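**Student:** Before I ask anything, let me first share the structure, which is written out below as structure tokens.
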Amino acid sequence: MKILEAEQLSLSYGGRQLKEVVREASLSIEAGEIVSIIGPNGSGKSTLLKGLCRLLRPTAGQSLLKGQDIWQLAPKEVAKELAILPQMKSSPSDLTVTQLVSFGRYPHKRYGSGLTEKDQEFIRKAIAKTGLNGYEGRYISSLSGGEQQRVWLAVALAQDPEILILDEPTTYLDIACQLAFMENIRQLNQEDGLTVVMVLHDLNQALRYSDRTCAIKDGRILAFAESDQVITPDLIRELYAIEGELVDWQAGETPFFIPRKTSGTPA
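Mapping of the sequence shown onto the working numbering: residues 3 to 269, in sequence order.
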């Protein structure tokens, strides 16, 4: 089932007068899959993500959520289906973990209504699924960067979405926190059927955790296919102007891409 689509999507900042950042992008995401978006800095990765999830209105084309134009849906209706973990977040220091996670129930609430037992159950489940049991009363300011990222993931899960949108979710995390976070995402996908769309800089994370990968450069999609068909020496050379190779380090395991050297300025 196609759950999220872009049809000839063009996006810019400031309207039609400015140069388009994303041009005529088309892709279709199936329910229950993990899709990564890769590409060099300034290629339009985050902009494409914003266009897909109703954060940036297109100058042409459309984004479809379950076959409907996402801009024809009310923001609360979109938020019931789709949760976003942005790249830049402001963590309120005076809130506890439980208080912040409870904000994820907003799309399901009427104005001024309190939290029901059902809401509390979703909050408890979101905290448990992100490994935050025991942290409920901790203030956000007392947490490490990796712990705060898990709290924001719990906020998204408390929405009870079908689709999770992540913009560079492992940026600023140490290698152990990156691994734990990505394993958590895969577990949510496999056990709960959560559809995941994420922007990644780490090619090996895309190889290991994604069903399909979308490669974008200069605002245009160069490839969208199974990850091992996209992350190849030839395409990575075209994207980043670096030479490298795929190495099979163990039979039956995902290969690793190892960069060797730059091959000049990206075209």
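Backbone N, C-alpha and C fix where the C-beta goes; we use that ideal spot for every residue, glycine too. All figures in this text were calculated on a predicted structure; none of them were measured in a lab.
Looking at I125: is its Cβ nearer than 7 Å to the Cβ of S95?
**Tutor:** Locating residue 125 in the sequence shown gives position 123, counting from the first residue. Locating residue 95 in the sequence shown gives position 93, counting from the first residue. In this structure, S95 does not lie closer than 7 Å to I125 by Cβ.
**Student:** Would you grab the beta carbon distance between V199 and L51 for me? Rounded to a whole angstrom, and I think it's under 8 Å.
**Tutor:** Indexing the sequence shown from 1 puts residue 199 at position 197. Indexing the sequence shown from 1 puts residue 51 at position 49. That belief holds up - the Cβ atoms of V199 and L51 are roughly 7 Å apart, short of 8 Å.
**Student:** Mind checking who A217 pairs with in its DSSP beta bridge?
**Tutor:** One-based indexing of the sequence shown puts residue 217 at position 215. Paired residues: I40 and A225.
**Student:** According to DSSP, is Y174 helix, strand or coil?
**Tutor:** Here residue 174 corresponds to residue number 172 of the sequence shown, with the count starting at 1. In this structure, Y174 counts as coil in the three-state DSSP scheme.
**Student:** When the Cα atoms are used, what is the spatial distance from A8 to L84?
**Tutor:** Translated into the one-based positions of the sequence shown, residue 8 becomes position 6. Translated into the one-based positions of the sequence shown, residue 84 becomes position 82. Roughly 15 Å separates the two Cα atoms.
**Student:** Rounded to whole angstroms, how far is the Cβ of V80 from the Cβ of L67, which I believe are closer than 8 Å?
**Tutor:** Numbered from 1 along the sequence shown, position 78 holds the residue referred to as residue 80. Numbered from 1 along the sequence shown, position 65 holds the residue referred to as residue 67. So it is a contact: roughly 7 Å between Cβ atoms.
**Student:** Rank Y113, H203, S92 and L117 by C-alpha distance to the C-alpha of S104 and give the top, closest one.
**Tutor:** As a position in the sequence shown, residue 104 is number 102, starting the count at 1. Minimum Cα distance to S104 is reached at L117.
**Student:** What does DSSP give as the partner residues of V201 in its beta bridges?
**Tutor:** Residue numbering aside, residue 201 sits at position 199 when the sequence shown is read from its first letter. DSSP output for V201 lists I39 and D169 as bridge partner(s).
**Student:** Quick one: Cα of P56 to Cα of A33, how far?
**Tutor:** Numbered from its first residue, the sequence shown carries residue 56 at position 54. Numbered from its first residue, the sequence shown carries residue 33 at position 31. Going by the sequence as given, residue 56 is Arg instead of Pro. Cα to Cα, R56 sits roughly 18 Å from A33.
**Student:** Mind checking I187: buried by the 16 CB within 10 Å criterion, or exposed?
**Tutor:** Here residue 187 corresponds to residue number 185 of the sequence shown, with the count starting at 1. Looking at its Cβ environment, which holds 16 or more other Cβ atoms inside 10 Å, I187 is buried.
**Student:** Between which residues of its own chain and S45 is the CB-CB distance below 6 Å, once the five residues before and five after are set aside?
**Tutor:** Here residue 45 corresponds to residue number 43 of the sequence shown, with the count starting at 1. Result list for S45: I218 and K219, in chain order.
**Student:** How is P261 classed by DSSP in three states: helix, strand or coil?
**Tutor:** Residue mapping note: residue 261 aligns to position 259 of the sequence shown, counting from 1. Note: P261 maps to strand in three-state DSSP.
**Student:** Near P42, which residues of its chain fall below 7 Å by C-beta distance, leaving aside the five closest residues on each side in sequence?
**Tutor:** Mapped onto the sequence shown, residue 42 falls at position 40. Closer than 7 Å at Cβ, skipping near neighbours: K219, L241, Y242 and P268.
**Student:** Give me the DSSP bridge partner(s) of L6.
**Tutor:** Residue 6 sits at position 4 when you count from the first residue of the sequence shown. DSSP, once it has assigned bridges, lists I31 and L67 as partnering L6.
**Student:** Counting only the same chain and skipping the five closest in sequence on each side, list residues whose C-beta sits under 6 Å from that of K263.
**Tutor:** Walking along the sequence shown from the start, residue 263 turns up at place 261. Counting only Cβ-Cβ distances below 6 Å, and skipping sequence neighbours, we find E245.
**Student:** For V24, which residues from the same chain have a beta carbon less than 7 Å from its beta carbon, with the 5 sequence-adjacent residues on both sides left out?
**Tutor:** For the purposes of this step, residue 24 is identified with residue 22 of the sequence shown, where counting begins at 1. L11, S12, L13, G46, T49, L50, G53 and G221, listed in sequence order.
**Student:** Please list the terminal residues of the continuous beta strand (DSSP E) segment that includes V249.
**Tutor:** Translated into the one-based positions of the sequence shown, residue 249 becomes position 247. Unbroken beta strand (DSSP E) run through V249: I244 to V249.
**Student:** Please classify R25: does DSSP put it in a helix, a strand, or coil?
**Tutor:** The count along the sequence shown starts at 1 and reaches residue 25 at position 23. It is a strand residue.
**Student:** What does DSSP give as the partner residues of L84 in its beta bridges?
**Tutor:** The sequence position of residue 84 within the sequence shown is 82, counting from 1. For L84, which the question treats as bridged, DSSP gives the partners I165.
**Student:** Could you tell me the alpha carbon to alpha carbon distance between E164 and I238, rounded to whole angstroms?
**Tutor:** Here residue 164 refers to the residue found at position 162 of the sequence shown. Here residue 238 refers to the residue found at position 236 of the sequence shown. Cα-Cα distance, rounded: 31 Å.
**Student:** Name the one or two DSSP bridge partners that A62 has.
**Tutor:** Numbered from its first residue, the sequence shown carries residue 62 at position 60. The partner list for A62 (beta bridge, DSSP) reads S12.
**Student:** Does DSSP put T132 in a helix, a strand or coil?
**Tutor:** Numbered from 1 along the sequence shown, position 130 holds the residue referred to as residue 132. Residue state, collapsed to three classes: coil.
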